[in-house]
Amino acid sequence: CINSAHHMHTHMHPSLLSTITICLFIVSAAAAATGPSAAFLGTSTSRIGPGVRRACASWLMDRRSLSLLGTTPKTNTSNNISSAGGNANTSSSDDARMLDSPSAQRNKEPILSILKSEVMPLLLHDRDASTCGATGNGQTKQKPSLTVLEVAAGCGVHTLHIARGLVGSYDEEGGGVEASCTWYPTDPSPSSRDSINARAAAAEMEMASLPAEHAVIIQPAQSLTLDADGIVEGRNVDGGISALPNPIADIASGSLDLITNVNMIHISPWSATLGLMKISSELLRPGGILFSYGPYKVNGTAAESNLRFDESLKSRDASWGVRDLEEVVKEAERQGLKLIKMVEMPANNLSVIYQKG
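The numbers in the sequence shown follow our numbering, run straight up by one, and end at 432.
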């Protein structure tokens, strides 16, 4: 049916196509919301109805949402997205691979706002003064270039929005600081990685127009799966996922400035949270930041909506659930990460900021 819908999308009149494919779109969206990447779609079994209705409304406004019905061609990873230039390489196949997430669209700006107001000052202030700012003789020192690992990136809505939003000028001790970044998006879902790469390809021309001091380089999306021992890929102990390439092979230990993790902790086994804290301890530089976002219980309780969500998650997978913040913080501290700040966010979520000592 999916291949047929893709064929119709190419050859039929849009008005006739709308009537035929809307049912397939609903089924596809519902199926996507119940899979392993449901957290990236911001839904649960009990929320599928409203989520699908919102998706359908978006579909009626923007026919590109039919990408959920498209095929998944081989990902093009030949070019990074960089302000250094290069030709945009966007095609209909790129558009067909793009997935969307209504919840990510809603929370991307609040998350970016916290990263800019709370996280960036910490990162810039903590850097060696010799890496940024102006010298006494009027010469400009090296601009800080942030290296960011995104764990559980989903379909790429946050990847593009946050990477573009973080670069720019910041004040540090009264002096202007220009910041650029290299972004490593990861996700265990092949369709999500395809979507990330398609979104990056579509944004290539815009990225190329950025000034050099605000450069954004988005690396090709890689598979990253976590367990209590850290990253599964690259171990090659029993084939399968472990036989895939290590997604951080070119990232030196203790070199990352920032790790972002949005809506993963509650919709994955507890072992994934243990792995997240472990790799954060290993990969972040001293003073580096782990930023986590999602629903939590605090002092054993939560908003009624989050308690219902917790029950729904556990009914789908007993290893999932809204976590006790105190337990997550305890594991972070065990790995040398200090809780710096907790910020209440819309829809009863929290932004939690940890810093490596």
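Even glycine gets a Cβ: it sits at the ideal position worked out from N, Cα and C. Keep in mind it's a predicted model, so treat the numbers as computed, not measured.
Inset, instruction - Count the C-beta pairs between the segment 179-196 and the segment 288-296 that are closer than 8 angstroms, then say yes if the count reaches three, no if not. - result: no
Inset, instruction - Answer with yes or no whether the minimum CB distance from ALA179 to chain B is below 7 angstroms. - result: Absent from the structure: chain B. Only one protein chain is present.
Inset, instruction - Give the DSSP-derived three-state secondary structure of ILE306 in the structure shown. - result: Strand, per DSSP.
Inset, instruction - Go ahead and label ASP175 buried or exposed: buried means 16 or more other beta carbons lie within 10 angstroms of its beta carbon, across all protein chains shown. - result: buried
Inset, instruction - Return helix, strand or coil for GLN180, following the three-state DSSP convention. - result: helix
Inset, instruction - Select from VAL307, SER270, ALA228 the residue whose C-alpha is nearest the C-alpha of ASP262. - result: The option with the nearest alpha carbon to ASP262 is ALA228.
Legend entry - Cβ-Cβ distance between LEU425 and LEU351 below 7 angstroms: Going by beta carbons, LEU425 and LEU351 fall outside the 7 angstroms limit.
Inset, instruction - Examine the Cβ distances between the segment 299-316 and the segment 272-289 and report whether three or more of them are shorter than 8 angstroms. - result: no
Inset, instruction - Could you tell me which residues DSSP puts in a beta bridge with SER267? - result: None, per the DSSP bridge assignment.
Inset, instruction - Could you tell me if the beta carbon of TYR368 falls within a distance shorter than 6 angstroms of some heavy atom in the ligand FMN? - result: Among the components modelled here there is no ligand, and therefore nothing to report on the ligand FMN.
Legend entry - Proximity of SER220 and SER255 at Cβ, strictly below 7 angstroms: Here SER220 is near SER255, since their CB atoms are less than 7 angstroms apart.
Legend entry - Buried/exposed call for ASP392, threshold 16 Cβ in 10 Å: exposed
Inset, instruction - Please say whether SER270 and GLU231 have beta carbons closer to each other than 7 angstroms? - result: First, the amino acid is wrong: residue 231 is Gly here, not Glu. It is a contact, given that the beta carbons lie within the stated cut-off.
Legend entry - Own chain partners of SER367 with C-beta closer than 6 angstroms, once the 5 adjacent residues on each side are dropped: ASN336, VAL427
Inset, instruction - Flag this pair as yes or no: are the beta carbons of ALA303 and SER356 separated by less than 7 angstroms? - result: No, they are not a contact pair.
Inset, instruction - Assign SER121 to one of three DSSP states: helix, strand, or coil. - result: With a pLDDT of only 36 at SER121, under the threshold of 50, the placement of this residue in the model should not be trusted; the figure read from the coordinates follows. Note: SER121 maps to helix in three-state DSSP.
Inset, instruction - Compare the Cα-Cα distances from MET339 to each of LEU299, SER328, ASP332, ASP325 and report the closest residue. - result: Distances from the alpha-carbon of MET339 to those of LEU299, SER328, ASP332, ASP325 put LEU299 closest.
Legend entry - Distance between LEU241 and VAL404 (C-alpha atoms, nearest Å): 26 angstroms
Inset, instruction - Mind listing, in chain order, the continuous alpha helix (DSSP H) runs of no fewer than 4 residues lying wholly within the segment 308-377? - result: 345-358
Legend entry - Extent of the continuous alpha helix (DSSP H) to which VAL427 belongs: Here VAL427 belongs to no alpha helix (DSSP H); instead the beta strand (DSSP E) covers 424-431.
Legend entry - Rounded Cβ spacing between VAL259 and ILE326 (contact assumed at less than 8 angstroms): Looking at the sequence itself, residue 259 is Tyr, so the reference to Val does not match. About 7 angstroms separates the two Cβ atoms, so the contact holds.
Inset, instruction - Let me know if ALA318 comes out buried or exposed under the rule of 16 or more other beta-carbons within 10 Å of its beta-carbon. - result: exposed
Inset, instruction - May I have the straight-line CA-CA distance separating ALA422 from SER188, to the nearest angstrom? - result: 16 angstroms
Legend entry - Same chain, Cβ closer than 8 angstroms to ARG409, five either side skipped, listed in chain order: MET352
Legend entry - Buried or exposed by the 16-neighbour rule on C-beta atoms within 10 Å, applied to LEU267: In the sequence on display, residue 267 carries Ser and not Leu. Classification for SER267: buried.
Legend entry - Boundaries of the alpha helix (DSSP H) in which LYS405 is found, first to last residue: 400-409
Inset, instruction - Please check the pair ILE323 and LEU414, which I expect to be a contact at CB under 8 angstroms, by giving their CB distance rounded to whole angstroms. - result: With 8 angstroms as the limit, ILE323 and LEU414 do not qualify as a contact, their Cβ atoms being about 24 angstroms apart.
Inset, instruction - Determine the direct distance from the alpha carbon of LEU235 to that of ARG360, and round the result to whole angstroms. - result: 24 angstroms
Legend entry - PRO286, buried or exposed, once every other Cβ within 10 Å from all chains shown has been counted against 16: PRO286 is exposed by the Cβ-count criterion.
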